[in-house]
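108 is the number of the first residue of the sequence shown in the working numbering; add one for each residue after it. Quick notes on the structure that follows.
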Amino acid sequence: MIFGKKSKKKIKSEENWIEENLKKEIKDSKPVETTEKKGFLSSLKKGLSKTREILTTDLDDLFTGNRLNISHLEELEERLISSDLGVKTSMELISLIEENESKIKSPEELKEFIRKQLLLFMKKPEDKIYEKPHIILVTGVNGVGKTTTIGKLAHKFSSEGKSVLIGAADTFRAAAIEQLEKWAIRSGSDFVKHKEKTDPAAVAFDSVDAGIARKKDVIIIDTAGRLHNKENLMKELIKIRSTINKRLEGAPHEVLLVVDASTGQNALNQAKIFNEAVKITGIVITKMDGTAKGGIAAAIQKEFQIPVEYIGVGEKIEDLQKFDPQSFLDAILT
């Protein structure tokens, strides 16, 4: 007798079993999140812990039996406002809760109702159709993390195989130019700068000119953020935008405003001022690191109908990601 020898029929049967089970595994399998994505979601949940605590702690106190106690809605409104949702958005949400109070019978149902309404207030960023070059003008007051955001965006585009050029049009701060140049080197991007205190619009023009000549995919242009000199700053930004458009009709294709989540309602004021001057197309919210309250992401979109494009939860390159309303709301309400 020869051990280990199998009949053709038995071999065929085993092959069929393997094939069937492999098909089942493929069918039942779900995509595994990357370590980077998992890390970001974990950081997001940690960063929004203050908001989650405000919105979800002791919700039982708002109910009498299985009925929402209308007399306690003032307390809920205060919670919503203190989470940086803003007065206007909070009042609208409370009004909707009052209209539907008979359908809300538990804290979990209340959280789900708030979640659904906030989701209606927020937009998921649309996938961009990138023209070549795709020009992004980045605005924001000093100290919000604008320079770092530009560096992270450049790295993101470079990692996607796009060629990038960064223009340093904040010519009033030598440190900003130096920091931006380091990010350009780190991300493998080309870099255009002038001497300190030269005309920012001239830097913007030369950046677009160089990007076109070098056939770059993406051009990112930094701007100044001296809000204490608001009138002059807005005039400067209007001039920069106009200069870019003169060099390439239809540009800039995006105008991003970077705001610091920890500044709360000041971010709404900044959005109003910058939007009036240069028509903001998207918001980047930085420093969502646990000290911030995340309601501003919903408030800013509800009030100005401007989508949040990116959200940052830390200093690492991968801590800046595309904004996803579903993940965001999961982090503050679960």
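Virtual Cβ for every residue (Gly too), placed ideally from N, Cα, C.
Relative to the C-alpha of lysine 302, which residue among Leu217, Glu206, Leu364 and Ala283 is closest? Ala283
Quick one: is valine 194 buried, meaning 16 or more other Cβ sit within 10 Å of its Cβ, or exposed? exposed
For threonine 441, count neighbouring Cβ atoms within 10 angstroms of its own Cβ and tell me buried if that reaches 16, exposed if not. exposed
Starting from alanine 275, follow its DSSP beta bridges and name the residues at the other end. Asp329
Going by DSSP, which residues form a beta bridge with valine 315? According to DSSP, valine 315 bridges with nothing at all.
Are lysine 239 and aspartate 313 close, meaning C-beta to C-beta below 7 Å? no
Isoleucine 319: which of Ser150, Lys342, Val420 and Asp297 sits nearest, CA to CA? Asp297
Is any beta-carbon of chain D found at less than 7 Å from that of isoleucine 407? The structure shown contains no chain D, having only a single protein chain.
What do you get for aspartate 165, buried or exposed, if any count of 16 or more other CB atoms within 10 angstroms of its CB means buried? exposed
I need the straight-line Cα distance from threonine 278 to glutamate 285, nearest angstrom please. 11 Å
According to DSSP, what are the bridge partners of aspartate 234? Beta-bridge pairing links aspartate 234 to no other residue.
Taking 7 Å as the threshold (C-beta atoms), are lysine 253 and valine 365 in contact? yes
Grab me the residues of leucine 436's own chain with a C-beta within less than 7 Å of its C-beta, minus the 5 sequence neighbours each way, in chain order. Arg222, Leu225 and Leu226
Can you tell me where the alpha helix (DSSP H) holding threonine 388 begins and where it ends? No alpha helix (DSSP H) contains threonine 388, which DSSP labels as neither H nor E.
Taking just the CA atoms, how far does isoleucine 201 sit from glutamate 182? 10 Å
Which word fits serine 150, buried or exposed, when buried means at least 16 other C-beta atoms lie within 10 angstroms of its C-beta? buried
Of the residues Ser265, Thr305, Val310 and Gly295, the one placed nearest glycine 274, counting alpha carbons only: Val310
Can you give me the C-alpha to C-alpha distance between proline 214 and aspartate 167, rounded to a whole angstrom? 6 Å
Report the residue from Glu422, Thr158, Glu206 and Asn249 whose alpha carbon sits nearest the alpha carbon of arginine 333. Asn249
Going by C-alpha distance, which of Asn352, Phe411, Lys429 and Arg354 is nearest asparagine 376? Phe411
Got a sec, what are the start and stop residues for the beta strand (DSSP E) glutamate 361 sits in? 361–367
Take every Cβ of the stretch 333–353, pair it with every Cβ of the stretch 257–268, and state whether three or more of those distances are shorter than 8 Å. no
Is DSSP giving glycine 419 helix, strand or coil here? strand
Less than 8 Å between the CB atoms is what I'm expecting for alanine 405 and phenylalanine 228, so what's the real figure, rounded? 5 Å
For lysine 400 and serine 434, the rounded distance between their alpha carbons: 16 Å
Would you mind sorting serine 190 into buried or exposed? The rule is 16 or more other CB atoms within 10 Å of its CB. buried
From glutamate 422 to arginine 174, what distance separates their C-alpha atoms? 44 Å
Evaluate glutamate 416 with the Cβ neighbour count: other Cβ atoms within 10 Å of its Cβ, from every protein chain shown; 16 or more gives buried, anything less gives exposed. buried
Where valine 299 falls: helix, strand or coil (DSSP): strand
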